[in-house]
Amino acid sequence: MAAPATGTPTAPPLELRGDFPVLRREHNGNPIAYLDSAATSQKPRAVIDAMSAYYERSNANIHRGVYGLAQEATDLYEGARERVARFCGSESQATVFAKNATELINLVASAWGRSSLGPGDEVLITEMEHHSNIVPWQLACQATGASLRWLPVSEEGELSLSDLDAALGSGRVRLLGCVHVSNVLGTINPVAKICARARAAGAVTLVDGSQAVPQIPVDVGEIGCDFYIWTGHKALGPTGIGVLHGRRELLEEMPPFLGGGDMISYVGYEVSTWNDLPWKFEAGTSPIAEGVGLGAAIDYLAELGMERVREHERSLTGYALERLGGLAGLRVLGPLELERRGGAISFSLDGIHPHDIAEICDREGVCVRAGHHCAQPLMRRLGVPATARASFHVYNTREDVDRLVGALERAREIFGP
Amino acid sequence: MDELYRDYILDHYKNPRNFGELDPHDLDFHDHNPLCGDELGVHLTVDGEGRIADLRFHGQGCAISQAAASITSEELIGKPVAEIPALSADWVLEQLGIDISPTRRKCALLSLKVMRGAAGGEATWPESAS
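Chains as they are written, first to last, in numbering that gives the first Met the number 0: chain X, 0 to 416; chain S, 0 to 129.
#1: Is residue 99/S closer than 7 Å to residue 76/S when the C-beta atoms are compared?
#2: Short of 7 Å in beta carbon distance, which residues of its chain neighbour residue 152/X, apart from the five on each side in sequence? Order them along the chain.
#3: Indicate whether at least one CB of chain S lies closer than 7 Å to the CB of residue 370/X.
#4: Among 364/X, 363/X, 362/X and 358/X, which residue has its Cα nearest to the Cα of residue 370/X?
#5: Find out if the Cβ-Cβ distance for the pair residue 90/X, residue 84/X is shorter than 7 Å.
#6: Which same chain residues end up closer than 6 Å to residue 88/X when comparing Cβ atoms and leaving out the 5 residues on each side of it in sequence?
#7: Pull out every residue of the stretch 383 to 398 of chain X whose Cβ sits closer than 8 Å to any Cβ of chain S, in chain order.
#8: With a threshold of 8 Å on Cβ separation, who are the neighbours of residue 397/X within its own chain once the five nearest residues in sequence on each side are excluded?
#9: Which chain X residues sit within Cβ distance under 7 Å of residue 62/S?
#10: Could you check whether residue 374/X and residue 230/X sit closer than 7 Å to each other, using their CB atoms as the reference points?
#11: For residue 411/X, decide whether its Cβ has a neighbour in chain S, counting only Cβ atoms nearer than 7 Å.
#12: Pick helix, strand or coil for residue 173/X, following the three-state DSSP scheme.
#13: If we define contact as Cβ-Cβ less than 7 Å, is residue 94/S a contact residue for chain X?
#14: Using Cβ-Cβ distances below 9 Å, what residues of the stretch 116 to 143 of chain X are close to chain S?
#15: Using a cut-off of 8 Å between C-beta atoms, extract the partners of residue 103/S located in chain X.
#16: Which of the three DSSP states is assigned to residue 260/X in this structure?
#17: Alpha carbon to alpha carbon, how far is residue 356/X from residue 164/X?
#18: When DSSP builds the beta bridges, which residues end up paired with residue 38/S?
#19: Using the beta-carbon count (16 or more within 10 Å), is residue 207/X buried or exposed?
#20: Would you kindly report the start and end of the unbroken beta strand (DSSP E) that includes residue 354/X?
#21: I'd like the span of the beta strand (DSSP E) that includes residue 388/X, first residue to last.
#22: Please classify residue 2/X as buried or exposed, where buried requires at least 16 other C-beta atoms within 10 Å of its C-beta.
#23: Does any heavy atom of the ligand MG sit closer than 6 Å to the C-beta of residue 223/X?
#24: Going by beta-carbon coordinates alone, are residue 27/X and residue 405/X separated by less than 7 Å?
#25: Please state whether DSSP places residue 205/X in a helix, a strand or coil.
#26: Where does residue 100/S sit, in a helix, a strand or coil, going by DSSP?
#27: Tell me the rounded alpha-carbon separation between residue 64/S and residue 93/S.
#28: To the nearest angstrom, how far is it from the Cα of residue 413/X to the Cα of residue 7/S?
#29: Is DSSP giving residue 20/X helix, strand or coil here?
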C-alpha cells in the first residue's frame, strides 16, 4: 500500500461498513466496493429500521387526524423536519419537503421565476450545474422572456469571482444559480462569496447543495443564499424526499407551486387561500416514511459529526488521488487541492472509454459511474464525451480505492498500452 | 482471452473500418445515446440501383459501440437502402459475436439506429426479431 498523500490528516478513518446492510452483498464473488455515492448513497441500518418502524407502528396520514396514531405520525414527520432544518442552520417554517432536489428547483423556477422574471432580465447559472439546475431555468426563461447566461468554468474546473463580477455587471441578473459541490469535478465552490456578490448586485440566489450536505458541514445562514436545495438519498436517507431551505420573506411572497390538499387554508368555489409555511408548498400527502427516514439519516450524520465526515472524505480523496496519479494515461478532472474539492473524482484513461472502464470494474464488484453525469454542458466545456467517476461516503475504505486501482490495471491489460 | 473484449472487438475499436466523413454524400444522420452522451453520425452515398455505394461513420463511443459500427459497416456497403429499416437487433448482435448484457445493449445498437435514420425511416432503437 502506498504512503498517504502529503498533508493527509492523521485522524483514524471511520469504519462504518458494517452499518450498511447492502455492503454485505457480493457481486461476481467479490464484496461490493461501492464508489457511486454521488449518484446515491447507501443507507445505514438505522434509516431502514426507522422507516420500517414507522410503517409497522405509526403509519397514518398526517396533519388533520384527530386520533392518536395520526398525531404520532405528524410528530414524527414534523420532528424530522425540525432536525433537518437545524442540521443545515435553517428553521422548520422555511424548510420545504418535496420528492427530490429537482422538484424543488422547479418549484423555485416556477413559483418565484414565473412571477418575478420578465423580458430583459437575466438568469445566471454556471457551466458546472447538474441538468436539474439548468433545464428548469431554460423553461422559466422561455416562459417569461428572460435570458439565460452562463458563468464559465476554468480548465482546472473552477469558477472565477472576477468572471462573476463581470457577469453581474450587466445589472440585469435577477437570479444566480450555483452548485455548492460539483457532482462531476468535486469542486467546492465559494458559495458564501458568490452569494454575497450576487445579492449585492440585486440578484436572488439559489444554491444546489445535493453533493454538499452529504459530506461537508453546511450552514445556510453563513452561506447567505435565498434558496438552498438538496436531496435526501445522497445523504444516507431514502429516495423520494428533497429539502429546500428558503428565505422566509421570499417564500411568503411567492405563489404556490402545486395546488391540492394540505397546501390550502380555505377552498372556495372560485378561489382558495394558502396554508402557512412550509405547507403552502407541500400539496398532497407528504412523503411521510421518507421524512422519518431522512430524520434518521441526519441523526446518524450528526452523531458522527460533519467535520469528521468531511475529514474522512478528504483523507480518502487524497489517498485516491495519489493512487490514481500512479496510473499511466490517467487524467483527473477538477482541482487537485484537497481543500477545494469533495469526495468525487472524475477521470479518463487514455484509449479506454468510461463505459468500458465501468464494465471491467463491475466484474470485480467495483461500482463506478460512467457517462455525462447529467452535466452535458460541463462535458462539452471540458472537451470530453464522458468520464468515469468514483465517489465516496462514510462507509468507504482505502481498500475500496485499492480495488478500483486494481480494476483499472486490469482494464489496461485488456486494452493494451 | 477476454469474453467481451475479444481481439477482433478491440481491433475494430482501435482501428475502426469506414470511419470518417464522405463529402459529398447522399444521405446522413446523427444521433446520440442519451444514457451516456456518446455520439455517432453516418454519411452514405447511394448508387443508381438504390444500394449503399459507400459509407462512413464518425463520432465517439465505447469499444462496443465503435466495434459494432465498424463491423457492420463492412456488411452494409452494397445493401439496398430500402432493406436497412428491416435489419433487426439480432443482425447486429450476431455480427458482434459476443454476449451483450442489457446495460450495454444500446451501445451495440446505436450504429443501426443511426443507419435507420439515414435510410429515411424513424431512428428507433432496434428490437430483436423474435
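Beta carbons are placed, not taken as given, at the ideal position from N, Cα and C, and that holds for glycine.
The structure displayed is predicted, hence computed values, not measured ones.
Once the coordinates are examined:
#1: No.
#2: 125, 126, 127, 158, 377 and 380
#3: yes
#4: 358/X
#5: yes
#6: Excluding its 5 nearest sequence neighbours in each direction, residue 88/X has C-beta neighbours in its own chain below 6 Å: 218, 219 and 220, listed in chain order.
#7: Within the stretch 383 to 398 of chain X, the qualifying residues are 384 and 385.
#8: 0, 12, 315 and 318
#9: 352 and 355
#10: no
#11: no
#12: strand
#13: No, residue 94/S does not count as interfacial toward chain X.
#14: If the cut-off is 9 Å between Cβ atoms, the stretch 116 to 143 of chain X has nothing near chain S.
#15: 354 and 358
#16: coil
#17: 40 Å
#18: 31/S and 59/S
#19: Its Cβ being crowded by 16 or more others within 10 Å, residue 207/X is buried.
#20: Here residue 354/X belongs to no beta strand (DSSP E); instead the alpha helix (DSSP H) covers 353 to 362.
#21: Here the beta strand (DSSP E) through residue 388/X covers 386 to 390.
#22: Since pLDDT at residue 2/X reaches only 41, below the 50 mark, its modelled position is unreliable, and the value read off the structure follows with that caveat. In this structure residue 2/X is exposed. Its beta-carbon is surrounded by fewer than 16 other beta-carbon atoms within 10 angstroms.
#23: With respect to the ligand MG, the structure offers nothing, as it holds no ligand at all.
#24: no
#25: Strand, per DSSP.
#26: The three-state reading of DSSP puts residue 100/S in coil, since its state is none of H, G, I, E or B.
#27: 14 Å
#28: Going by the C-alpha atoms only, they are around 12 Å apart.
#29: helix
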